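S.K.: Got a structure for you, written out below as structure tokens; questions coming shortly.
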Amino acid sequence: SHIQRPSRVSLPKMSIQIIQVACGNAHSMALTKGGDVFSWGLNSHGQLGQGKAVPQQFAPSLVRALTGVAVTQISAGGSHTLFLTLSGLVYCCGANKHGQLGLNRVDEKGRFNICVVPALRPLGVSFISCGESHTAVLTKEGNVFTSGEGRYGQLGHSCTSDEVRPRLVEGLGGPASQIACGRHHTLVLGSSGQLWAFGLGDKGQTGTGQGENSLSPCLVQLPWTSDSAVAPLGDLNISSGWNTNFIYTSSAKVPEVGRIIGRLDETKLQKWLRMRRGDVETRREIEAMFLTSSSLVASFTKADGTPLEAGALTVDQEAASRAFDQMLAVPWIRQSVKLDFLVSLLASCSRALKSPEIFMVLLSCPLLQEDSYVMEAVALAIVICDLRKQNQALLESWWSSLSAPLLTRHIMVFKNALAFTLRTNVLATHKPGVQYLLESLKLLYRANKTGKSYKVPLSTFYVEEVATINPVEDVSLWLAFCKEEEDKIPIIFCRYPFVFPLDCKVAVFNILAFVMKEAYYELPGMGREWPEPWLLDAPEFTSGPFFQLTVRRTHLVEDTFRQLAASDHSTFKRNLLVRLVDDHNVMIVNKRDFFLHVFDELIVPESDMFMHNDSRTLVWFPPKPKVEENKYFLFGVLCGLALYNHKIIHLPFPLALFKKLLRVRTSLDDMKEFDPIMAESWRCILEDYTPDEVEALDLTFTVSWGQEEVELDPNEAGKPVTWTNRKEFVATFVDHVFNKSVEGVFELFERGFFKVCNIDVVEFFQPEELQAVMVGQENYDWEVFKESTVYEGEYHAYHPNILTFWEVFEKLTHEEKKKFLLFLTGCDRVPFVGMKRTIMRVAVLPNSSERHLPESLTCYLLLLLPIYRRYPADRTMRTRLLKAINHNRGFWKE
Numbered sequence: 002s003h004i005q006r007p008s009r010v011s012l013p014k015m016s017i018q019i020i021q022v023a024c025g026n027a028h029s030m031a032l033t034k035g036g037d038v039f040s041w042g043l044n045s046h047g048q049l050g051q052g053k054a055v056p057q058q059f060a061p062s063l064v065r066a067l068t069g070v071a072v073t074q075i076s077a078g079g080s081h082t083l084f085l086t087l088s089g090l091v092y093c094c095g096a097n098k099h100g101q102l103g104l105n106r107v108d109e110k111g112r113f114n115i116c117v118v119p120a121l122r123p124l125g126v127s128f129i130s131c132g133e134s135h136t137a138v139l140t141k142e143g144n145v146f147t148s149g150e151g152r153y154g155q156l157g158h159s160c161t162s163d164e165v166r167p168r169l170v171e172g173l174g175g176p177a178s179q180i181a182c183g184r185h186h187t188l189v190l191g192s193s194g195q196l197w198a199f200g201l202g203d204k205g206q207t208g209t210g211q212g213e214n215s216l217s218p219c220l221v222q223l224p225w226t227s228d229s230a231v232a233p234l235g236d237l238n239i240s241s242g243w244n245t246n247f248i249y250t251s252s253a254k255v256p257e258v259g260r261i262i263g264r265l266d267e268t269k270l271q272k273w274l275r276m277r278r279g280d281v282e283t284r285r286e287i288e289a290m291f292l293t294s295s296s297l298v299a300s301f302t303k304a305d306g307t308p309l310e311a312g313a314l315t316v317d318q319e320a321a322s323r324a325f326d327q328m329l330a331v332p333w334i335r336q337s338v339k340l341d342f343l344v345s346l347l348a349s350c351s352r353a354l355k356s357p358e359i360f361m362v363l364l365s366c367p368l369l370q371e372d373s374y375v376m377e378a379v380a381l382a383i384v385i386c387d388l389r390k391q392n393q394a395l396l397e398s399w400w401s402s403l404s405a406p407l408l409t410r411h412i413m414v415f416k417n418a419l420a421f422t423l424r425t426n427v428l429a430t431h432k433p434g435v436q437y438l439l440e441s442l443k444l445l446y447r448a449n450k451t452g453k454s455y456k457v458p459l460s461t462f463y464v465e466e467v468a469t470i471n472p473v474e475d476v477s478l479w480l481a482f483c484k485e486e487e488d489k490i491p492i493i494f495c496r497y498p499f500v501f502p503l504d505c506k507v508a509v510f511n512i513l514a515f516v517m518k519e520a521y522y523e524l525p526g527m528g529r530e531w532p533e534p535w536l537l538d539a540p541e542f543t544s545g546p547f548f549q550l551t552v553r554r555t556h557l558v559e560d561t562f563r564q565l566a567a568s569d570h571s572t573f574k575r576n577l578l579v580r581l582v583d584d585h586n587v588m589i590v591n592k593r594d595f596f597l598h599v600f601d602e603l604i605v606p607e608s609d610m611f612m613h614n615d616s617r618t619l620v621w622f623p624p625k626p627k628v629e630e631n632k633y634f635l636f637g638v639l640c641g642l643a644l645y646n647h648k649i650i651h652l653p654f655p656l657a658l659f660k661k662l663l664r665v666r667t668s669l670d671d672m673k674e675f676d677p678i679m680a681e682s683w684r685c686i687l688e689d690y691t692p693d694e695v696e697a698l699d700l701t702f703t704v705s706w707g708q709e710e711v712e713l714d715p716n717e718a719g720k721p722v723t724w725t726n727r728k729e730f731v732a733t734f735v736d737h738v739f740n741k742s743v744e745g746v747f748e749l750f751e752r753g754f755f756k757v758c759n760i761d762v763v764e765f766f767q768p769e770e771l772q773a774v775m776v777g778q779e780n781y782d783w784e785v786f787k788e789s790t791v792y793e794g795e796y797h798a799y800h801p802n803i804l805t806f807w808e809v810f811e812k813l814t815h816e817e818k819k820k821f822l823l824f825l826t827g828c829d830r831v832p833f834v835g836m837k838r839t840i841m842r843v844a845v846l847p848n849s850s851e852r853h854l855p856e857s858l859t860c861y862l863l864l865l866l867p868i869y870r871r872y873p874a875d876r877t878m879r880t881r882l883l884k885a886i887n888h889n890r891g892f893w894k895e
């Protein structure tokens, strides 16, 4: 019904002031101080921005699509609507029959989904105005662009054709300062005070006095320009109605249109920080800032005004982070910050959101990392996972652009919430929330990989509380649902291995290995708890089924490879049993000893299997193998068996080997590890040398590698290396070294390795982690080793013989200590879990005298130490100990 008298418009209960309204033929819009937009009326062409599901709206309703968008101005046409943001972007919706939305297309039924006008993005728009079926925009440089219906010349292009893309209006004689659109005409106020008009003039709208249409800008003669008796006016403003125009001045300064009054600026922030106690008005101002996501985004929108590329981030992350830290350090401000309403509002808008910038600001707030805000963090995770794929991709790209400290802030919001959920044992009642937390962390994990490196260490994602879940159940679910769609399965943490600390990844690998061996149920405590890292050194199994290797000391590699080649590949996953045949005697030997010696024999130059670097510290696959290529397959099987049976091996390959196993690209850094001199020369070519110096090197793409000459560019023999192609040269050389030259032999190695190990579980690891698990580390901490030692029988920490032992041990050289570790454990490297897990047990050697040497049982890390009393006891201890560690290596006693 028609309303004959002014009536108050009821808005939703939000204490936000309205600063602008706009009306079309049958719809109305309102802009709040916080930057939110409300609409009501007819939605025949999508002009309300509420989507197709709403034919008309009888009361003001929030335009959810613009939640988190800092709208500073609205303009309503006949049946279309434009929205200008603080960063200069223009959004649109509604009728587009004549191209009035500027989208370079027409829509007969209208545009029901709000979208950005791409053509206006780089122009730096500062003001918008809509006619019935045309649109005009003003840029910061004073240019005017128009689009839409041109039948009456209202576009100012000297023609009556429509324009579906914003087109520059020419002939204005200088930069413009204001624009205004009537029904079918347009006004432009020049920065020097001239007034221009064009379009329909049958009712005098163009001010020419002739009642004719103007197809191009016509200068309007203002009274003070033609009559000297009329004083010229300053501080002019223009306004257009349906068929009317007004030009006026304002005596009092009014708030500038296009500016959100409630935005936070540095002056206001410093004022708040200086206040010892906030007054009622200031507290309300802070509450209002966090009440609307648009205001929060506006508070930290960059003010540089540079043209925006598609997908550009317009908020200043550093400023937001800094402001939050300063504000939350003040108790009364901290009490005034409320996030629950803002988060709940975002939760109701997730699918409609046009810009996810609000998350870039909100996730920088430290409050969300606290336990009391876990539910808000979960709600945000749900919203992020419910975003449209395009917005998720945009959010991911923005995360990739963040500095490491800022990215860490965002990660910690969801990581801490996940840790709290697991720590408090509420997983059973909050499973959906946990799933969304994991998915959000997955997006951040992908964003963390930028180029060839990671922004933050991968350990940033580790959630120690994962150890509280049932590991066997999780692994079982993972195996059972490996081919199911994610929305049809329960929570499976194995689908998110990046949150697993390294020991949990190893535990998953071990559980699967034991499942395959049909022996996992024999291990105590594995049903409900994560296996301890000691599973790396699990006792030898005495029950089958076994995969058995029978070897001779003198033909260790030959016997091993012969039996591996003859075996059914499926048997590799059984328990490994190694038997040693010696003078017709057969004995079972420790697998650790076996792997130690077989790899020692394989890695030496005499094996002819590998090429060594100049320092003889690392090996790599040869471009031209000197042995049968099938041996590389068997070598891969052997490496897989070592990992599968939890044994550290001597594998002096560069990290590139583990990268390739995990499908991670190799780089110049890998060359730096294998051949540092060559890598440094390449770095100089890339970074230090001038163009002339590069030319003077007289390098070509013909290189020597692996004792052969190679053309890196097969299409141009002897191609010279220049300043322009130097990056191509280095990249091609690296690719040749680690990929092309070894493609055949590595493929055989890889195939052998994954005949034993499950590729899906191996891919849980990062290259550095896989290397640490397989090869061990060199972070020796002998003091921790001493403190972790356990004494048996008559020995104790203060026994005279034990005191003498440690006195002697501490005086050993570093290399001698490593030999002792080899003597004790069968390996001279530290397991990935560190020395704290290398727990030596010391007992008296039975039936021994002072003539006996110390002995060890490597499978139990047991040192059998005779009691030495002969004076001086320390010299006797040292002599016997050094003789033992230098000539007694497991079943290879020398």
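Number 862 in the working numbering belongs to position 861 of the sequence shown; there are no gaps in the numbering. Even glycine gets a Cβ: it sits at the ideal position worked out from N, Cα and C. Predicted model, so just to flag it, every value in this text is computed and none were measured.
According to DSSP, which residues form a beta bridge with residue 135?
M.R.: Partner(s): 149.
S.K.: Looking at residue 170 and residue 119, is the spacing between their C-beta atoms short of 8 Å?
M.R.: Not closer than 8 Å, so no.
S.K.: Considering only the alpha carbon of each residue, which of 628, 146, 359, 766 lies closest to residue 66?
M.R.: Among 628, 146, 359, 766, the Cα nearest to that of residue 66 belongs to 359.
S.K.: Give me the residue from 871, 874, 866 with the minimum Cα distance to residue 886.
M.R.: Looking at the Cα atoms, 866 is the closest of the given residues.
S.K.: For the structure I just gave you, are there three or more beta carbon pairs, one from the stretch 667-679 and one from the stretch 781-794, closer than 8 Å?
M.R.: Too few Cβ pairs lie closer than 8 Å, so no.
S.K.: So residue 494 and residue 459 are in contact, right, with Cβ under 8 Å, and what is the actual spacing, rounded?
M.R.: Contact flag wrong, Cβ pair sits at about 16 Å.
S.K.: Comparing C-alpha positions only, which one of 597, 664, 201 sits nearest to residue 639?
M.R.: When only C-alpha atoms are compared, the closest one is 597.
S.K.: May I ask which residues mark the beginning and end of the beta strand (DSSP E) holding residue 583?
M.R.: Element bounds for residue 583: 576-583.
S.K.: In chain order, what residues of the same chain lie with their CB nearer than 7 Å to the CB of residue 339, ignoring the 5 residues before and after it?
M.R.: Here the set comprises 288, 291.
S.K.: Check the DSSP bridge columns for residue 316 and list the partner residues they point to.
M.R.: Its beta-bridge partners are 302.
S.K.: Hey, is the stretch 791-807 in contact with the stretch 671-690, meaning 3+ C-beta pairs nearer than 8 Å?
M.R.: The answer is no - the stretch 671-690 does not touch the stretch 791-807, with fewer than three Cβ pairs under 8 Å.
S.K.: Give me the Cα-Cα distance between residue 78 and residue 113, rounded to the nearest whole angstrom.
M.R.: Answer to the nearest angstrom: the Cα atoms are 15 Å apart.
S.K.: Based on the DSSP secondary-structure assignment, which residues constitute the bridge partners of residue 82?
M.R.: For residue 82, which the question treats as bridged, DSSP gives the partners 77, 94.
S.K.: Is it the case that the Cβ atoms of residue 746 and residue 633 are separated by a distance below 8 Å?
M.R.: Going by C-beta atoms, residue 746 is nearer than 8 Å to residue 633.
S.K.: How would you call residue 588, buried or exposed, if buried means at least 16 neighbouring beta carbons within 10 angstroms?
M.R.: Residue 588 should be labelled exposed.
S.K.: Suppose you measure from the CA of residue 93 to the CA of residue 389; what does that come to, to the nearest Å?
M.R.: If I take the Cα positions, the gap works out to 19 Å.
S.K.: Taking a contact to mean a Cβ-Cβ separation below 8 Å, would you say residue 201 touches residue 185 in this structure?
M.R.: Result yes, Cβ atoms of residue 201 and residue 185 sit closer than 8 Å.
S.K.: In or out: residue 831 buried (at least 16 other Cβ within 10 Å) or exposed?
M.R.: Buried, since its Cβ has 16 or more Cβ neighbours within 10 Å.
S.K.: Going by DSSP in three states, residue 45 sits in which element: helix, strand or coil?
M.R.: Looking at residue 45 - three-state DSSP - the assignment turns out to be coil, as it is neither helix nor strand.
S.K.: Output the distance between the C-alpha atoms of residue 400 and residue 447, rounded to the nearest integer angstrom.
M.R.: Their Cα atoms are separated by approximately 9 Å.
S.K.: How would you call residue 758, buried or exposed, if buried means at least 16 neighbouring beta carbons within 10 angstroms?
M.R.: It is buried - the Cβ of residue 758 has at least 16 other Cβ atoms within 10 Å.
S.K.: Is the stretch 652-660 close to the stretch 766-778, with three or more CB pairs under 8 Å?
M.R.: As far as the Cβ criterion goes, the stretch 652-660 touches the stretch 766-778, which means the pair count is three or higher.
S.K.: Would you mind sorting residue 420 into buried or exposed? The rule is 16 or more other CB atoms within 10 Å of its CB.
M.R.: Answer is buried; the Cβ neighbour count reaches 16.
S.K.: In this structure, how does DSSP classify residue 130 when only helix, strand and coil are distinguished?
M.R.: If DSSP states are grouped into helix, strand and coil, residue 130 belongs with the strands.
S.K.: Based on DSSP bridge pairs, tell me the residues matched to residue 705.
M.R.: Paired residue(s): 710.
S.K.: Specify, as a first and last residue, the run of the alpha helix (DSSP H) that residue 446 falls within.
M.R.: Here the alpha helix (DSSP H) through residue 446 covers 432-449.
S.K.: Tell me the residue span of the alpha helix (DSSP H) that contains residue 599.
M.R.: 592-604 is the extent of the alpha helix (DSSP H) around residue 599.
S.K.: According to DSSP, what are the bridge partners of residue 721?
M.R.: The partner list for residue 721 (beta bridge, DSSP) reads 701.
S.K.: Assuming residue 579 and residue 595 form a contact by the criterion Cβ under 8 Å, report the distance between their Cβ atoms to the nearest whole angstrom.
M.R.: The Cβ separation is near 4 Å, so the contact holds.
S.K.: Is there contact here, the stretch 152-171 with the stretch 132-139, by at least three beta-carbon pairs under 8 Å?
M.R.: Yes, the stretch 152-171 is in contact with the stretch 132-139.
S.K.: Can you tell me where the alpha helix (DSSP H) with residue 508 in it begins and where it stops?
M.R.: Its alpha helix (DSSP H) spans residues 503-518.
S.K.: Mind reading off the beta-carbon distance from residue 603 to residue 558? Whole number of angstroms is fine, and I expect it under 8 Å.
M.R.: Right, their Cβ atoms sit about 6 Å apart.
S.K.: Is the distance from the Cβ of residue 753 to the Cβ of residue 636 below 8 Å?
M.R.: Against a cut-off of 8 Å, the Cβ pair of residue 636 and residue 753 comes out as a contact.
S.K.: Using a Cβ-Cβ cutoff of less than 8 Å, which residues in the same chain neighbour residue 566 once the five nearest sequence positions on both sides are dropped?
M.R.: Same-chain partners within the cutoff: 631, 635.
S.K.: Among the residues of its own chain, which have a CB less than 7 Å from the CB of residue 1, if the five just before and after it don't count?
M.R.: The structure shown does not extend to residue 1, since the chain is modelled only from 2 to 895, so the question has no answer here.
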